[in-house]
Amino acid sequence: MSAKPQTLVVDNPFTGEPACEVELADGRVASGVLDRARDAARLWQKSPLADRIALCERAMAAMEARTEAIAADITRMMGKPLGQARGEVKTTAARARYMMSVAGASLADVVLPLDGFERRIVREPVGVVLDLPAWNYPLLTAVNCVVPAILAGNAVIVKHSPRTPLCGEHFARAFAEAGAPPHLVQAIDCDHAQSERMVADDRVDHVVFTGSVFGGHRMVEAAAKRFLHPTLELGGNDPAYVASDCDLAQAVENVVDGAIYNAGQSCCAVERVYVHKSVYGRFVEAAEPLVRAYVMGDPTHADTTLGPIAQRAHVAELEAFMGDAAARGGRVIAGGKTASVDGRGRFFEATLVADCDQSMDLFNRESFGPIVAVMAVASDDEALAKMNDSRLGLTASIWTTDRERAARLSRSLEYGTVFMNRCDYLDPAQPWGGWKDSGRGVSLSALGFEGLTRPKSIHFRL
0 MSAKPQTLVV DNPFTGEPAC EVELADGRVA SGVLDRARDA ARLWQKSPLA
50 DRIALCERAM AAMEARTEAI AADITRMMGK PLGQARGEVK TTAARARYMM
100 SVAGASLADV VLPLDGFERR IVREPVGVVL DLPAWNYPLL TAVNCVVPAI
150 LAGNAVIVKH SPRTPLCGEH FARAFAEAGA PPHLVQAIDC DHAQSERMVA
200 DDRVDHVVFT GSVFGGHRMV EAAAKRFLHP TLELGGNDPA YVASDCDLAQ
250 AVENVVDGAI YNAGQSCCAV ERVYVHKSVY GRFVEAAEPL VRAYVMGDPT
300 HADTTLGPIA QRAHVAELEA FMGDAAARGG RVIAGGKTAS VDGRGRFFEA
350 TLVADCDQSM DLFNRESFGP IVAVMAVASD DEALAKMNDS RLGLTASIWT
400 TDRERAARLS RSLEYGTVFM NRCDYLDPAQ PWGGWKDSGR GVSLSALGFE
450 GLTRPKSIHF RL
C-alpha cells in the first residue's frame, strides 16, 4: 500500500483559517514533472518566435479573464488588500506584454559582416527552467521568469512559495487554456529538500530564484556540483536620501508609500531614510499623518490599506526590530506594535521611527515590515557613505530637484537600480537585479533573456 501523500495547509493571515491545502510532490512525482518538461522543451525550442509571442498573449488574456479568482487567492493566502491583488494581475499582464514586444530584437541573431565568411551570434534556449518565485508579489516574481523563458523557447516548471502555492497553478492553467503544448508550463508543490534535489538534477538547465539571502545560498549550494549559475533576486535594505533641495511634499508622500505599501513586504521597499538635517524636522512632521492614515482591516474590504503580515513568525521579528531601535535611542512617533482588528489578523502597525542611527538592526538587516525609519545626515557625502554601508544592494533613491546631484551620487551608489524622485518600482524596460548579497544576474529588459539562452557562434567560410 502506497504512503499517503504529504499535504501543505496555508493559513489565512487575517482569519487564521485554512486558505488552501495542496499536495506535496515526492521524488517520484517530481521526476515525472522533470521528464515531461524535457520532452516539452525539445519540441518548443523549434517553434517560431511568432508562435511563442502569440501563446504568451493568449495566456495573459486567460489570466486577465480570471482576475477576480486569482486576486482572491492572493489575498486569502498572503493578506494583500484585494484591490492591490487585482492590480498585481494587471501589472503582470503589462510586464509580460513588454517582454513580448522586445523579444524579436532581443533574441535576433547578431550578424558580424566579413568578406568571404558568414558570422553570426545566435541565442539558443537552455531547455528546462525551474522558477522559484516569492510570495510577496506572487504573480510578478513569477512572470519575470515564466514569460521570457517561454519566449526564448524553453519549458518552465514553477515551484511557488509555500505561502502562495496556488499561484504556480494559475500560470500552468493559463498556458494550458491558451493552447500550449502539453507540459510546457507545469506547476509543482514540494518541500524545500525536494526543491533542492530538483535544482541539483541534470534535467534542469537553469534556475531562477526570488527570495531571501539564506534561500539564495541554499540554491547555489544545491547547484554547486553542476556548474549551474542560478539567477538570484534576493533581499534588500534599500536606502532613500532626501536632499536639502527636494520637493518635500513629493518626497514624504512617496517615501512613506515606498516603505509601507504591501505592509512593507517588498524586496525593494524603502527601509532606511536619510534626510538632510535642514529638512529633517519638516520631513518627520509631514510623514506622521501619512503613516497614521493607514487603515488595518479585512483585506477583502475596499477601505483597508494595510493588510496583515503574511508569515506567522515575522510579527515577532518586527517586534524585535523595534525593541532594538528603542534601545539604541530611536523615537517611535507612530505605530511600532503588533495589532489585530476585532480580534482577527496578525498585523503590525504602520510605523514611523525617528532619530535612528546606523547601528540599528533596521539599518543593517531587511525588516520586511511597514516601518519608516528616519535618520538625519549633514551632507551628500555622509548620506552616500551610509547608503553604501550595507551588504545588500538592490535599489536606492535620491530625492532632489538637482539632476546633476542625482547623477553624481548614482555613479558611486552600489545598487542595481538608482532612482531619482521615485522608489519601490520596477521598469520592465530596464534590467532588474541586485548587487552584493541582493543577488546576481538580472531579469526583464533585453538583458533578461541572457540567462534563459545560450550563445552560439556561427562561423562559416564561404
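Count the sequence shown with numbering that gives the first Met the number 0 and you get residues 0 to 461, in order. Even glycine gets a Cβ: it sits at the ideal position worked out from N, Cα and C. Since the structure is predicted, the reported quantities are computational estimates derived from the model, not experimental observations.
Name the two residues that bound the continuous beta strand (DSSP E) containing residue i.
i    : result
E20  : P17 to E22
P454 : T452 to R460
F13  : No beta strand (DSSP E) contains F13, which DSSP labels as neither H nor E.
Q185 : V184 to I187
E123 : F116 to P124
E232 : T230 to E232
G344 : R343 to F347
S409 : Premise fails: S409 lies in the alpha helix (DSSP H), R402 to S411, not in any beta strand (DSSP E).
A375 : I370 to V376
H205 : H205 to T209
V274 : V269 to H275
A353 : T350 to A353
Identify whether residue i lies in helix, strand or coil by the three-state DSSP scheme.
i    : result
E365 : coil
G26  : helix
A154 : strand
G178 : coil
M321 : helix
P112 : coil
D200 : coil
P238 : strand
L138 : coil
D130 : strand
A338 : strand
A312 : coil
G392 : strand
R327 : coil
T299 : coil
A192 : helix
H159 : coil
M419 : strand
T74  : helix
K435 : strand
L7   : strand
Alpha carbon to alpha carbon, how far is residue i from residue j?
i    : j    : result
D356 : L33  : 49 Å
V142 : E287 : 36 Å
V386 : P147 : One detail in the question is off: residue 386 reads as Met in this sequence, not Val. Approximately 32 Å between the Cα atoms of the pair.
T452 : A445 : 12 Å
I370 : I259 : 6 Å
A405 : M98  : 29 Å
V121 : E67  : 41 Å
G82  : A301 : 7 Å
E16  : T90  : 29 Å
G214 : G234 : 10 Å
K45  : V125 : 12 Å
G392 : T416 : 8 Å
G244 : S277 : Here residue 244 is Asp; the residue named in the question, Gly, does not match the sequence. Rounded to whole angstroms, D244 to S277 spans 9 Å at the Cα level.
I149 : G78  : 30 Å
V283 : V241 : 11 Å
G433 : F367 : 17 Å
E483 : G257 : The chain is shown from 0 up to 461; residue 483 falls before or after that span and cannot be answered.
M321 : L131 : 31 Å
V203 : L129 : 7 Å
K455 : V109 : 10 Å
L247 : A292 : 19 Å
A250 : S358 : 25 Å
A199 : H216 : 14 Å
D360 : A325 : 11 Å
Taking residue i and residue j to be in contact with their CB atoms under 8 Å, please state how far apart those CB atoms are, rounded to whole angstroms.
i    : j    : result
I457 : R27  : Their Cβ separation, rounded to whole angstroms, is 41 Å, which puts I457 and R27 out of contact at 8 Å.
V352 : V331 : 5 Å
A24  : M76  : Between M76 and A24 the Cβ distance is about 19 Å, and since that is not below 8 Å, they are no contact.
G328 : D354 : 6 Å
G438 : E232 : 5 Å
W134 : A262 : Actually they do not touch by this definition, with Cβ atoms about 12 Å apart.
L227 : V212 : Not quite, the Cβ-Cβ distance comes to about 18 Å (not below 8 Å), so this is no contact.
D38  : H182 : 7 Å
C422 : S442 : Not quite, the Cβ-Cβ distance comes to about 19 Å (not below 8 Å), so this is no contact.
So residue i is in the alpha helix (DSSP H); what residue range does that whole segment cover?
i    : result
L106 : L81 to L106
L462 : Examination of residue 462 is not possible in this model, given that the chain is present from 0 through 461 alone.
A333 : Element bounds for A333: not the alpha helix (DSSP H) but the beta strand (DSSP E), R330 to A333.
P288 : Y279 to R291
V441 : Note, V441: premise wrong, no alpha helix (DSSP H); not H, not E.
E252 : L247 to I259
D380 : D379 to N387
* Asked: Any contact of the region 79-98 with the region 267-274, i.e. 3+ C-beta pairs under 8 Å?
  -> no
* To do: Say whether the region 105-119 touches the region 156-176, bearing in mind that this needs 3 or more beta-carbon pairs closer than 8 Å, one atom from each stretch.
  => Taking one beta carbon from each stretch, the region 105-119 and the region 156-176 have fewer than 3 pairs nearer than 8 Å; the two do not touch.
* Asked: Do the region 53-63 and the region 168-183 make contact, defined as three or more Cβ pairs closer than 8 Å?
  -> yes
* Can you find at least 3 beta carbon pairs, one from the region 390-401 and one from the region 304-322, that sit closer than 8 Å? -> no
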